[in-house]
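Numbering (the working numbering), first residue to last: -18 to 407.
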């Protein structure tokens, strides 16, 4: 959510930003917000004036009564009563206007970073850099669930009977590999100075409103029936929510946290062959990283965060590349976003395994996350990035470490988490 001052002072900048995001249907909202803001401020000004007059007249009534001028006092009292009725109207109007303005401001997109490429959708994202050499073996790489089934590591049919499509049972060494990757990612981030955290897996509606746009919420979140609780789609939600309504001493910044959680997603609109198996599912686990920092430090932390993911994948011998997300592919709260994609030898292309985002002060403004600095209070900046999200990450791992006989090599960095195993065999 942007600062209303920006609409007051530079509405054309806000409109131009909306055009860059190919959301022209939102252009009228800028003028609507400006008008509501004017009406709101006018109501506040009039209400404040009436309150000041009421205080003055109340003193005057006391003085007249003390002098025995009861008739004059009653005339002034009638005036106060009339003003009280108008004041009540204004206070109701303030609430009404504030609510309308808030709803509009919640859907006007954040101002994107100048470095963001302009494009309509993810097909226009821009490749930045490749890390590691993509490799295609001289034998056929099976579909990832076929690899898992040969290793007795997955049971999709039982999961369908129990929970429906989009769920899975991981078994044996594949289940162990899944847990090993999570544990390795946890220690990887701890070694880089991040504080480990296991957060709540459900959050209240106020936190949902604070961390994501309505469109994202509608496409992702599962609501708990009869309660003001939602299952998290990523631990970023509860990790940023941890600081709701908080004033953080500036000397405590930056706050760097890495968190484990299960994640639950509706995944509306998922389709196609790559949506089968465990690529796009309703339940998975993830290691996340978040940063709360000073505004001037968020570009630095953005680069630090995505590099952590690249380094982790390269330590497991998986080639990756980074893509700068174009304007049309950015969620409304994001200032900038960069995807990390892993190489798929089977598809002979890259696919997304993580996303790093700088949200500027948008989440902090919604959640009232402030910093107490030397020169007063200001809004923090928030960032997040995926460390690793199996089982999708397992697709890249299995394909890139598959041997011709169907066994899977365990990279040296992961062997301590696999009981010393060097190979998974069927």
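Glycine is no exception: its CB is placed at the ideal position from the N, C-alpha and C atoms.
- Here residue 382 really is in contact with residue 298; their C-beta atoms are around 7 Å apart, less than 8 Å.
- With a cut-off of 8 Å on Cβ pairs, the stretch 127 to 137 is not in contact with the stretch 225 to 236, counting fewer than three such pairs.
- Judged by beta-carbon spacing, residue 317 lies within the 7 Å limit of residue 339, meaning their Cβ atoms are closer than that value.
- In this structure, the straight-line span from the alpha carbon of residue 150 to that of residue 371 is close to 13 Å.
- Taking C-beta atoms as the reference points, residue 125 and residue 376 count as a pair closer than 7 Å.
- Proximity of the stretch 172 to 182 to the stretch 192 to 203 falls short of the contact definition, fewer than three beta-carbon pairs being nearer than 8 Å.
- Between residue 102 and residue 246, the alpha-carbon positions lie close to 22 Å from each other.
- Annotated three-state conformation of residue -12 is helix, per DSSP.
- Between the alpha carbons of residue 276 and residue 208 lies a distance of about 35 Å.
- Residue burial is scored here from C-beta neighbours: residue 320 has at least 16 other C-beta atoms within 10 angstroms and is therefore classed as buried.
- Here the alpha carbons of residue 334 and residue 374 stand approximately 6 Å from one another.
- DSSP lists 268 as the beta-bridge partner residues of residue 369.
- Minimum Cα-Cα distance from residue 367 among the listed residues 219, 396 and 215 corresponds to 215.
- Residue -15 and residue 28 have their C-alpha atoms some 21 Å from each other.
- Assignment of residue 331 by DSSP, reduced to helix, strand and coil, places it in the strand class.
- Excluding its 5 nearest sequence neighbours in each direction, residue 308 has C-beta neighbours in its own chain below 8 Å: 1, 2, 3, 93, 97, 98, 99 and 100, listed in chain order.
- Counting C-beta pairs closer than 8 Å gives fewer than three between the stretch 70 to 85 and the stretch 180 to 190, which falls short of the contact rule.
- In this structure, the straight-line span from the alpha carbon of residue 181 to that of residue 282 is close to 25 Å.
- For secondary structure counted as the beta strand (DSSP E) over 3 or more consecutive residues, the stretch 286 to 358 holds these complete runs in sequence order: 301 to 305, 317 to 325, 330 to 339 and 351 to 354.
- For residue 105, the CB contacts under 6 Å within the same chain, skipping 5 residues up- and downstream, are 307 in chain order.
- Residue 248 places its beta carbon less than 7 Å from that of residue 261.
- The count of Cβ pairs closer than 8 Å, one atom from the stretch 397 to 405 and one from the stretch 291 to 305, stays below three, leaving the stretches out of contact.
- Within 10 angstroms of the beta-carbon of residue 76 lie fewer than 16 other beta-carbons, which makes it exposed.
- In this structure, DSSP gives residue 155 a helical state, which the three-state scheme calls helix.
- With a threshold of 16 other beta carbon atoms within 10 Å, residue 240 meets it and is buried.
- Within the stretch 137 to 211, the beta strand (DSSP E) runs of at least 3 residues that lie entirely inside it are, in chain order, 176 to 178.
- For the set 266, 221 and 294, the Cα lying nearest the Cα of residue 274 is the one of 221.
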